[in-house]
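*Asks:* Submitted below is the structure of interest, expressed as structure tokens.
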Amino acid sequence: MQIQSTVAVLPNDNIDTDQIIPARFLKTISKEGLGDQLFFDWRYNADGSPKADFVLNTPAAKASKVLLAGDNFGCGSSREHAPWALTQYGLQAVLSTSFADIFKQNSLKNRLLPIVMPKDAHAALFVALEKDPALQVTIDLPAQTLSWPGGPTVEFPIDAFAKDCLLEGVDEIGYVLKQDAAIAAFEAQRSISLNTLA
Amino acid sequence: MPSNKPRTIIEKVWDNHIVAQREGAPAVLFIDLHLVHEVTSPQAFSGLRERGVKVRRPDLTFATVDHSTPTTPRNLPIVDQVAATQVAQLEKNATEFGIPYFGFQNLNQGIVHVIGPEQGLTQPGMTVVCGDSHTATHGAFGALAFGIGTSEVEMVLATQCLLQRPSKTFEVKVEGTLKPGVSAKDIILALCAKIGIGGGTGCVFEFTGSAIRSLSMEERMTVCNMSIEAGARAGLIAPDEKTYEYIKGRKFAPKGEEWDKAVAFWKTLPTDEGATYDHTVTIDADALEPMITFGTNPGMGMAISGAVPDPASQSDPLERESLRKALQYMNLQAGQPIAGQKIDVVFIGSCTNSRMTDLRAAASVLKGRKVSPSVRVMVVPGSQEIKRQAEAEGLDQVFRDAGAEWREAGCSMCIAMNGDQLSPGQYSVSTSNRNFEGRQGKGGRTFLASPLTAAASAVTGVVTDVRSL
Ligand code: SF4
């Protein structure tokens with residue numbers, strides 16, 4: 248999995264999932280149609296027209312597969328609608344210095360790479376993009392590297408199992424379903440008794 | 097796996113639930129209780145249908161509706177058709193997959209994190225999950241309880257297991273005695289302010305210390321509830337006599353011989369002497385003041401006697417910019433005292449503060465007083481059971497006499513999915529857990545605080561320190 252792309256920049260810290268997709272859009276029973284609602288309250292005016300100066304409304308951002316954001320991206324609610332909306336918009340990776348735990352899990356399950364950068368490289372990329380907004384970054388998942396022309400090659404961490412799942416297309420639910428015997432053995436010796444059907 | 101090394105309660109509960117652990121892979125972790133609500137589950141059930149898979153353990157699963165349901169009288173229909181469809185979908189899924197379900201009209205319906213403990217579903221030593229980040233609430237009972245995404249909901253429905261790696265352990269030690277006017281909510285808001293909204297990322301909190309021990313179970317739930325607001329996926333408190341007493345006799349609690357066996361097991365759970373944590377932070381309960389947030393995340397909080405901080409005093413440029421944007425959104429000036437800020441709405445409710453203790457606290461302030469004519473005050477009990485109990489105690493009358501609205505149970509203005517919401521620009525003092533932009537309605541501005549602070553502010557129409565009333 249290699250991604251080469253320009254970068255949309257959203258320099259806020261602590262972007263929470265209520266911003267990524269506001270709660271009123273969670274009444275849906277489907278996963279589809281969320282791309283247009285991504286960052287809705289930052290993206291549209293009260294009359295529903297797009298705010299021309301908001302980054303995700305620019306043609307350049309629309310063509311980008313990578314989003315660069317401030318620290319602690321994806322905090323707050325556990326809604327998986329957040330990575331659904333981000334990927335439906337066309338994003339394949341988010342770059343930050345850290346991600347909230349649940350968001351990170353949800354992203355990996357939806358082929359959205361949460362890339363944790365060291366602080367200095369993160370700051371350097373902001374500077375590089377300010378100089379050249381058309382700069383392209385390259386993300387190499389097998390090598391776990393992120394690089395850009397004139398910049399460092401940054402190694403990023405990723406859970407080894409999640410990486411294998413992404414690269415080999417492993418279905419995690421299928422993987423656990425196959426461990427039926429181990430689950431049954433565990434169930435047979437459990438001591439906690441609860442029966443919600445009682 | 098278990099060894100003789102002293103362990104924290106977090107590690108004990110973890111070890112007890114490992115089904116399989118392959119080298120290099122995350123553990124397959126067994127889940128004892130899976131709570132389900134209407135917002136984060138429909139796509140998971142669709143996934144099961146596509147796979148042709150059943151729910152493995154309907155007897156460890158429990159569903160209810162709370163987020164998108166109105167808090168108007170229950171004889172009225174759900175007007176919002178999209179919400180009505182979502183509620184109907186959960187009902188259909190529960191019936192089709194054989195899952196026990198408290199529907200909209202059920203007399204025990206309520207916020208999922210309120211009814212779990214109330215029904216005795218939540219017990220010490222359990223792993224508890226729900227497609228909801230405030231699942232941490234159940235940690236008050238010594239359960240390892242955390243929020244999951246919808247893909248994980250599907251996995252737990254299908255397998256009763258999750259793929260997980262262990263979190264780091266983080267002790268939050270709260271020693272001392274809370275002063276009058278200071279409550280459990282202030283402890284957790286103080287933690288958020290101290291370590292920041294990302295401070296506990298990758299960790300599970302264990303709350304320890306004399307101030308935590310002296311909290312009631314309801315207050316402990318308030319503390320654990322907001323663990324996620326300090327970045328931790330879960331937060332728990334070791335069980336003790338108060339825990340057992342709370343659980344005993346509840347609908348799904350163990351009975352008879354099972355009860356004795358359960359208590360004997362629960363007593364093995366507290367952290368061993370000599371066990372160590374990856375991180376520790378200490379909070380001095382004696383020094384705590386009533387807390388309130390001023391910004392757009394729960395970490396932006398301070399003592400109610402304080403003044404709004406100045407972005408210019410922040411050294412990190414991104415942090416300076418975040419604070420500047422937050423104050424701009426909140427329309428607050430650096431240096432202004434937070435007390436005295438005019439408000440439009442008071443919301444008393446949510447899985448953080450909608451239990452009897454909270455309603456009694458709010459009523460103690462509102463009794464014999466009137467809410468300010470310029471303020472709308474909504475009191476929303478966490479469950480229909482709490483609603484009945486509060487009515488039996490006459491609290492509803494106290495609220496009504498004061499000029500507050502007394503509503504049906506649900507999440508309500510905590511998340512503003514059901515029509516209960518702020519208008520753009522309005523300010524609320526809210527006992528809920530999130531003050532993100534638009535959380536309580538597009539353009540709305542939220543000050544998070546305790547039920548005492550909320551009630552005091554309802555009376556004056558401005559942010560008010562309850563001790564000054
Ligand atoms: S009350 Fe608020 S935080 Fe709690 S479950 Fe409902 S929406 Fe989530």
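Line order of the protein sequences matches chains S and W. Taking this note's numbering as reference, the numbering of the first sequence is continuous, increasing by one, and the terminal residue is 445. Taking this note's numbering as reference, the numbering of the second sequence is continuous, increasing by one, and the terminal residue is 565. Cβ coordinates follow ideal geometry from the N, Cα and C atoms, glycine included. Just so you know, these numbers come straight off a predicted model, no measurement behind them.
1) Would DSSP call R541 (chain W) helix, strand or coil?
2) May I have the straight-line CA-CA distance separating T400 (chain S) from A347 (chain S), to the nearest angstrom?
3) So who's on the other strand from S343 (chain S), going by DSSP bridges?
4) May I ask you to list the residues that DSSP assigns as paired with A291 (chain S)?
5) For the stretch 368-386 of chain W against the stretch 232-245 of chain W, are there 3 or more C-beta pairs whose distance is under 8 angstroms?
6) Could you spell out the range, first to last residue, of the beta strand (DSSP E) harbouring D387 (chain S)?
7) Can you tell me where the beta strand (DSSP E) holding A316 (chain S) begins and where it ends?
8) Output needed for A349 (chain W): all residues of its chain with C-beta closer than 6 angstroms, excluding positions within five of it in sequence on either side, in chain order.
9) Kindly say whether F361 (chain W), judged by its beta-carbon, lies nearer than 8 angstroms to any beta-carbon of chain S.
10) Counting only beta-carbon separations shorter than 8 angstroms, does L423 (chain W) have a partner in chain S?
11) Between which two residues does the beta strand (DSSP E) containing E585 (chain W) stretch?
12) Counting only runs that start and end within the stretch 344-382 of chain W, where is the alpha helix (DSSP H) found for 4 or more residues in a row?
13) Quick one: does D128 (chain W) have its CB under 8 angstroms from some CB of chain A?
14) So, with DSSP's three-state summary, where would you put H113 (chain W)?
15) For Q410 (chain W), go through chain S and note every residue whose CB falls closer than 8 angstroms to its CB, in chain order.
16) Is the beta carbon of E250 (chain W) less than 8 angstroms from the beta carbon of Q182 (chain W)?
17) With 8 angstroms as the threshold, decide whether the Cβ of G294 (chain W) is near any Cβ in chain S.
18) Would DSSP call P547 (chain W) helix, strand or coil?
19) From the DSSP output, which residues share a beta bridge with W502 (chain W)?
20) If you measure from the beta carbon of E402 (chain S) to each beta carbon in chain W, is any gap under 8 angstroms?
21) Does ligand 1 have a heavy atom nearer than 7 angstroms to the CB of D228 (chain W)?
22) Indicate whether S528 (chain W) and V442 (chain W) have their beta-carbon atoms separated by less than 8 angstroms.
23) Run through the DSSP bridge pairs and tell me what A123 (chain W) is partnered with.
24) Is it the case that the Cβ atoms of W331 (chain S) and K274 (chain S) are separated by a distance below 8 angstroms?
25) Of the choices W:V404, W:V208, W:P213, whose alpha-carbon is the least far from that of D228 (chain W)?
26) Taking only beta carbons into account, state which residues of the stretch 507-534 of chain W come closer than 9 angstroms to chain S, listed in chain order.
27) Check whether the stretch 220-227 of chain W touches the stretch 489-499 of chain W, taking contact to mean three or more Cβ pairs, one atom from each stretch, closer than 8 angstroms.
28) Span of the beta strand (DSSP E) holding E302 (chain W)?
29) In the DSSP output, what is A403 (chain W) paired with across the bridge?
30) Look up V401 (chain S) in the DSSP assignment and say whether it is helix, strand or coil.
31) Ignore the nearest five residues each way along the sequence and tell me which others in K466 (chain W)'s own chain have a CB closer than 6 angstroms to its CB.
32) Ligand 1 and C447 (chain W): does the residue's C-beta get closer than 7 angstroms to at least one heavy atom of that ligand?
33) Closer than 8 angstroms is the cut-off here; do at least three beta carbon pairs connect the stretch 378-389 of chain W with the stretch 417-425 of chain W?
34) First and last residue of the alpha helix (DSSP H) that includes T264 (chain S)?
35) Can you grab the Cα-Cα spacing for the pair I195 (chain W) / S508 (chain W), in whole Å?
36) Beta carbon of T339 (chain W), beta carbon of P220 (chain W): below 8 angstroms?
*Replies:* Let me lay it out:
1) strand
2) Rounded to the nearest angstrom, the two C-alpha atoms are 24 angstroms apart.
3) S:V363
4) Sequence check: residue 291 (chain S) is Tyr here, not Ala. In the DSSP output, where bridge partners are listed per residue, Y291 (chain S) has S:P297.
5) no
6) 383-387
7) 313-316
8) G216, I343
9) So yes, F361 (chain W) belongs to the interface.
10) no
11) Nothing can be reported for residue 585 (chain W), as the shown portion of chain W is limited to 97 through 565.
12) 352-362
13) Here the protein chains are S and W, and chain A is not one of them.
14) coil
15) Under the 8 angstroms cutoff, chain S gives no residues; its nearest Cβ is about 11 angstroms from Q410 (chain W).
16) no
17) yes
18) helix
19) W:V475
20) False, the Cβ-Cβ gap to chain W never drops below 8 angstroms.
21) Under cutoff, so the answer is yes.
22) no
23) W:Q260
24) no
25) W:V208
26) I511, A512, M513, Q517, P520, R530, F532, E533, G534
27) The stretch 220-227 of chain W, when compared against the stretch 489-499 of chain W, does not touch it at the 8 angstroms Cβ threshold.
28) 299-304
29) W:P433
30) strand
31) A498, G499
32) yes
33) Output reads no: the stretch 417-425 of chain W does not touch the stretch 378-389 of chain W.
34) 264-267
35) 25 angstroms
36) yes
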